Every structure is written in structure tokens, then in C-alpha cells.
Amino acid sequence: MASSEQFKIRFLPADTETCVDAGTTVLEAARAAGVNIPAFCGGEGSCGKCQVVIDGKSVLACGAVVDRDLTVEVMRASRRENLLADGAGRSLPLRPYAAGVKVIYPKLEVGEYEDDARRISHMVEEALCLEAPPRMSLEALREAEMLIAQSCREFFVVLAGAEIVHAAKDEPRVCMVAFDVGTTSLVGYLLDSADGSQLAVASRINPQGAYGADVITRANYAVQEDPDKLTSLIREALDAMVGELCEASGVDRRDIYAICVVGNTTMHHLFHHICPGSLLRVPYNAAITEAIELPASHVGVHAGPGARVLSLPLFTGFVGADTCACLLACDFAHVEKLTVMIDIGTNGEIVVGNSQGALASSTAAGPALEGAKITFGMRGATGAIDHVTVVGEDLVFSVIGGGRAEGICGSGLIDLVAVMAEHGMLQKTGRFVKAEKLESPLAKANAWRFGRDDDGAYFNLVDGVRLYQKDVSEVQLAKSAICVGVRMLCSKLGWQIDDVEQVLVAGAFGNYMNPDSACRIGLIPSELKGKVRGMGNAAGEGAKIALLCRSEIDEAKRLASKIPFVELASEPDFMNSFMKGLNL
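Counting from -17, one number per residue, gives the positions in the sequence shown under our numbering.
Below you can see the structure in the form of C-alpha cells.
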């Protein structure tokens, strides 16, 4: 059988080329070439976000079929995003997951029968005040025995987790990497085990985004299309980021002995090459909730000899290891205030409670708030409107990068809906108020922004960027899910919403959003206005904490085991509350 005709595709501005068979879509070609083109809907043609330019015309990459050699220009919004890398730190004793220990091998007398592996293990246990003697890997034992045979009485060993993995004559440098594997973005932190200092930070877009914006789309792809692809993508990305961290800091890869990876349940399963099928069927459980520790070599990350990878425990369902890390970041085990913690990412996780008791749940809120399903929605990248403010009778739009607006991201969307609701441009139902019924001075001054085209009624922000009636509906769905989740968890704990003393918001969107706007539209219960503060990248911070203080890993395990998960959709009053929560 004759092979298909092949054509060359060139992607700009990366100047990356690939050859594909005739009939391949441009989106599939981009995936093959490693070029990031967002496909929030997974390439089904429904989100409209995979726009590229071919022959001077804007087309959807998922619908453009290769029938000749092509030059494809990737839109700017697909190429760069503002990724949150900082978090709120905690002060902790330094007891690192990976550490170097000096060993002084004693002169043995007749009758001392303890083997060297056990003797060295006890030395490390005593030096690091461990609760039990660590194992000694066969490779580390071989290295140690060679040193002892060469009359080297003082040498160094490296402990990673519960195993001695390396022995050397000279004191080794021991470093660790913490990864926050988000649905949208990846952030890595390089840490020095000796003093706990942060040596470098690296971030990039999650390359899985080409296969869907949300976790359900990606899980479906892994189950129905290719069980290996998404795992390969994330592992290769993390390995490349290790290289970036090393290059930025001057650290050798072989000096990295521990890597902590946290993410939501889907990201966790895909990283570990666990089929996420259990998340797609009732009762939507995780395949495993225990912490996982394994050699870095098993997941394709090139690091030091015997380097270990740690994943924190999960709760269940879609409340994953990233939530566990967030709880470490805010020291939830010792929080006395009645607290709501929300990680508003692509998947919104909620924990309500304090050290005396808590409940956890998740809501499908993120895709709209991160640009999916919004006509001119985009992630927080250059060209995105990220804030909307009122100056007199004018609306002022802040644009990331300061240039021309190309779309609107979640924080800008929340501001805009809040302003429109506050000034009578939106009804409580979310419907646009008709121009002749506008009453406030601001509304009347901006009546010219309302219009209608083939896609329906809209509110014009700037040339080329509009908010459609259907977009407001998507915001209402997202905000109601989170708000109702908070209220229902509080109720199940026997709290009134006014009893809440603080709201901690993690994640990039939560860090950039205006809390007052979030309360005004009911994303966060309005009664909690003034109690909201951002935590920054709390998941990344928690991953760092787990590496820098090994006792916090046990704390994470305890939290994950004692905080019950609530499936909100199964609660009798959920749908009624959700419908009421749609109002602005």
C-alpha cells in the first residue's frame, strides 16, 4: 500500500518545522512538533481558542487540514503567559528530605559483628535524628565499601527519603526540586538542602494544554486515545525544567537527590502513568490516595544517583496532592481560625474548617475563569485585560504588558461583571439591561458599548474584544459552583457563613483577582468581604515545605487521612442551591 503524501509545516515565530501526512490537522501537526497551541476543547472545534494565521487568514488549527506545505503563525496569546511562582512562606526547622551526612568509620575490634550497611545506617539515623534507621541501597554500599577498602575512614553519604543512595570521599552538594504541576502551568523551585535557600525558579505552560483545557478532557484523551502521550509530555517537561534550573544556578544535575511533585488528581495520575479512568466514572474516585515515593529514573527525570521522587497524598475525587500542599503552606494543622481555603485554578478545590475539623470538596469552576468557554477569553498572558476599574464615568481596562488588548482573562472578567452588576448594566439574572432602562450615570455613559451581532448581544470593551451574554452565563456557572461549595461545607460543619474568620485563596487566578469583585458577584460569599487574602502559589510552597522539613510529609499524610471529602453534587440541596447561586 502506497504511503500518504507528506507536507512540510513551518511554525512561526518559533521557526519549528515538521513533516506530516496529508489530511493531518494543523493542531495535530503542532502537537507533533512540540508547538504549544491551546485547544481548550481538546480539538473538537467548540472553543475557538486554537486560532492560527495561514496565508494571512485566521483559522482554527483543529479544523485546518494539511494539503500542501504550510507556514503557520501562532497567535501571541498562545506563546506566553504570566505564571505565578511566588507563595507565602513558613518558618520551619530544616530537616531536609535529602541530606548529606559525614560518616566516621570506626576501627573495629574482634567480636564486633554488625555489618557495615547497618552500622552506617545507624550513624545517619543518629546524625539526622531520624525515627528509624534508613535503608542503604546496594549501589551506595558498593561505593562505601570501596572507600573503606582504600582506608578512607571519613567519607560522606547522601540520604534521600528513607534510603542512603550515594557514598563519596568528598562532601557532595545536595539539592532538591519542588514542582507544582498545574493543569495550566508548571513551576519548579531548586532548593539547597544545606541551608534551605532557593537557588532558582523555572516555569512554563503545561504542554498537555494542546489536548484540552480541563482535566476531564485530558483524562478522556488518556483513556480513549493514547494512554502514554500525556504522561510523556509532562515527564519530558519536568526533566527539561530541571535542566533550566541547573543552568540558571550552576548546579549539576547529579547534585539533585530529591524531587517533590504535587498536582491535582488528574495531573498526579498522568505523571505516574496511572490510568485516570476511575475519575471518569461514578463515584469518581482516585486510583490511589497514598503518598508515592520512587526512583527519579522511573519517571524519566535525570538527576543524581539514587535520586527519589515524592508525591504528597491525595484526598479523593478531584482534590489532589496540590490541595494537600496548600494545607502545608498555610499550616492548616495549627490553624485555630474558622477558615475557608480555596484553590481557584482550572479545577476549584475547597477546604473549610480548622485544626479541630474540616471538610474538602472540589467544583468544576476553572475553565471559564481561565479563558475557556469565553468568546474573547484567554489566560493571563500578554494582551489580556486583567483588571477593570471605574474612573468617573469611564471604564479603564488594564492590559498585561501594556499593549493592545487581545482578550480578557479571569481576573478582568470578574472585575467587569462586578462593575456591570454594581452599576445596573446587568440584571440579577445576568441578563444585559436594555439601553433605554439604564439608570446610573456610568451605565448611561457606556450605553454605546452594547450591541448585537450574529453571536448575540454583547458589551464592547475595546476594538476587537467583547463580552457576550453567553459569556456572563459561563461566569455565573463557575462562580455559583464555588460559592455554593463554600456555603454547603460550612453548613455541614454547623457554621453560619458569618462565622468564617478568614478566606485563603491559592493559585494564580486567586492571587490576581480583586477580592471585592469576587464577593460582589458571589464567587466568594458576599458576607466574607474583607476577610479574603491571597496565598500566592501555595501548592508550590507546600511542595517546598515537604522537602525542607521531612516531618511535614507525615503531617500531610495525617491531614489527607482525617479530612473527609464531600461530593457536593450528591448533596440533596445542591442543585437548588446552585440555581439560586447563579444570581448576581
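Where a beta carbon is used, it is the ideal one built from N, C-alpha and C, also for glycine.
What you are looking at is a predicted structure, and each value in this text was computed from that prediction instead of being measured.
Please report the distance separating the alpha-carbon of residue i from that of residue j.
i, j, result
"I545", "W477", "17 angstroms"
"G24", "M517", "31 angstroms"
"R62", "R502", "Low per-residue confidence applies at R62: pLDDT is 45, beneath 50, and the placement is therefore not dependable enough to give any value."
"Q190", "R200", "8 angstroms"
"S422", "V415", "12 angstroms"
"L262", "A273", "22 angstroms"
"V291", "S214", "16 angstroms"
"G69", "E523", "Because the pLDDT of G69 is 47, which lies under 50, any placement of that residue in the model is unreliable, and the number read from its coordinates should be weighed accordingly. Whole-angstrom Cα-Cα distance: 6 angstroms."
"K526", "K539", "16 angstroms"
"E483", "A500", "17 angstroms"
"I19", "T166", "12 angstroms"
"L310", "Y440", "43 angstroms"
"S73", "E91", "45 angstroms"
"A222", "P295", "25 angstroms"
"V401", "N202", "38 angstroms"
"V183", "Y171", "5 angstroms"
"L564", "A427", "27 angstroms"
"G339", "D480", "18 angstroms"
"D498", "V444", "24 angstroms"
"E375", "G433", "19 angstroms"
Given residue i, which residues of its chain have a CB within under 6 angstroms of its CB, disregarding the five upstream and five downstream residues?
i, result
"L123", "A99"
"I324", "I332 and V487"
"E125", "A149"
Once you ignore the five residues that flank residue i on each side, which residues in its own chain have a CB closer than 8 angstroms to its CB?
i, result
"V317", "N336 and S337"
"S380", "I367, D368, H369, V370, T371 and G394"
"I569", "The chain is shown from -17 up to 566; residue 569 falls before or after that span and cannot be answered."
"Q219", "Note on residue identity: the sequence assigns Ala, not Gln, to residue 219. Contacts found: L168, R186, N188 and P189."
"R50", "F(-11)"
"G178", "L76, P78 and L530"
"P110", "According to the sequence provided, residue 110 is Leu. The question's Pro does not apply to it. The answer, listed in chain order, is R77, A81, V83 and L141."
Quick one, which of the options has its alpha-carbon nearest residue i's?
i, options, result
"E207", "G143, K39 and G259", "G259"
"A285", "G232, S344, G225 and S343", "G225"
"R413", "E108, K(-10) and Q451", "Q451"
"A21", "K31, A12 and A15", "K31"
"R605", "P88, E113 and N267", "Because the chain is modelled from -17 through 566, residue 605 falls outside the range shown and cannot be assessed."
"A192", "I506, I216, V169 and L529", "I216"
"V106", "K319, V139, G38 and A182", "V139"
"T271", "F297, P287, L261 and G446", "F297"
"V457", "I506, L475 and G446", "I506"
"R(-8)", "A11, M118 and L76", "A11"
"L42", "S559, S28 and L52", "S28"
"L341", "A269, L550, R434 and H148", "L550"
"P277", "C157, V197 and G143", "G143"
"P115", "E125, R235 and I146", "I146"
"D234", "A307, V159 and G299", "V159"
"C257", "T247, V264 and L398", "T247"
"D436", "K426, A425 and R448", "R448"
"E108", "E127, S279, E121 and V85", "V85"
"V485", "Q409, V514, D376 and N496", "V514"
"M495", "T411, L398 and A4", "L398"
"A268", "D376, R469, F300 and A230", "F300"
"Q409", "G438, C312, V378 and S455", "S455"
"L459", "C111, E275, F560 and I382", "F560"
"E275", "T0, N558, I535 and C1", "I535"
Return no unless some Cβ of chain D is closer than 8 angstroms to the Cβ of residue i.
i, result
"S(-14)", "Annotation note: the requested chain D is absent from the structure, which comprises a single protein chain."
Would you please state the rounded distance, in angstroms, between the beta carbons of residue i and residue j? I believe it to be under 8 angstroms.
i, j, result
"V244", "A521", "5 angstroms"
"S343", "F556", "About 10 angstroms separates the two Cβ atoms, so there is no contact after all."
"L173", "L530", "7 angstroms"
"L566", "A403", "4 angstroms"
"I396", "F358", "Wrong, their Cβ atoms sit about 15 angstroms apart, outside the cutoff."
"A463", "T321", "So it is not a contact: roughly 20 angstroms between Cβ atoms."
"D237", "R155", "4 angstroms"
"V80", "C306", "Sequence inspection shows Ala at residue 80; the Val mentioned does not correspond to that position. The Cβ separation is near 20 angstroms, so there is no contact."
Looking only at its own chain, which residues have a Cβ that is under 7 angstroms from the Cβ of residue i, when we skip the five neighbours before and after it?
i, result
"F491", "I326, G327, L351, E352, G392 and S393"
"Y87", "I130 and R135"
"H255", "T213"
"V17", "F(-7), A(-4), T(-2) and V56"
"R386", "G365"
"V429", "Sequence inspection shows Ala at residue 429; the Val mentioned does not correspond to that position. The answer, listed in chain order, is A417 and L420."
"R101", "none"
"H594", "Residue coverage of the chain in this structure runs from -17 to 566, which leaves residue 594 outside it and unanswerable."
"G467", "I332, S343, T345 and L550"
"E553", "M470"
"N64", "Confidence is the limiting factor: at N64 the pLDDT is only 47, short of 50, which leaves the residue's position unreliable, though a coordinate-based value still follows. Taken in chain order, the residues that qualify are G362, A363 and I382."
Closer than 7 angstroms to a non-hydrogen atom of the ligand SAH - does that hold for the CB of residue i?
i, result
"G383", "Of ligands this structure carries none, so the ligand SAH is not represented either."
As an exercise, report each continuous beta strand (DSSP E) stretch of at least 3 residues that is fully enclosed by the stretch 79 to 110, in chain order. 80 to 86
Mind pulling the alpha helix (DSSP H) runs of 4 or more residues that sit fully within the stretch 510 to 535? 520 to 530
Unbroken beta strand (DSSP E) runs of length 3 or more, entirely within the stretch 328 to 393: which are they? 330 to 336, 339 to 345, 366 to 373 and 376 to 381
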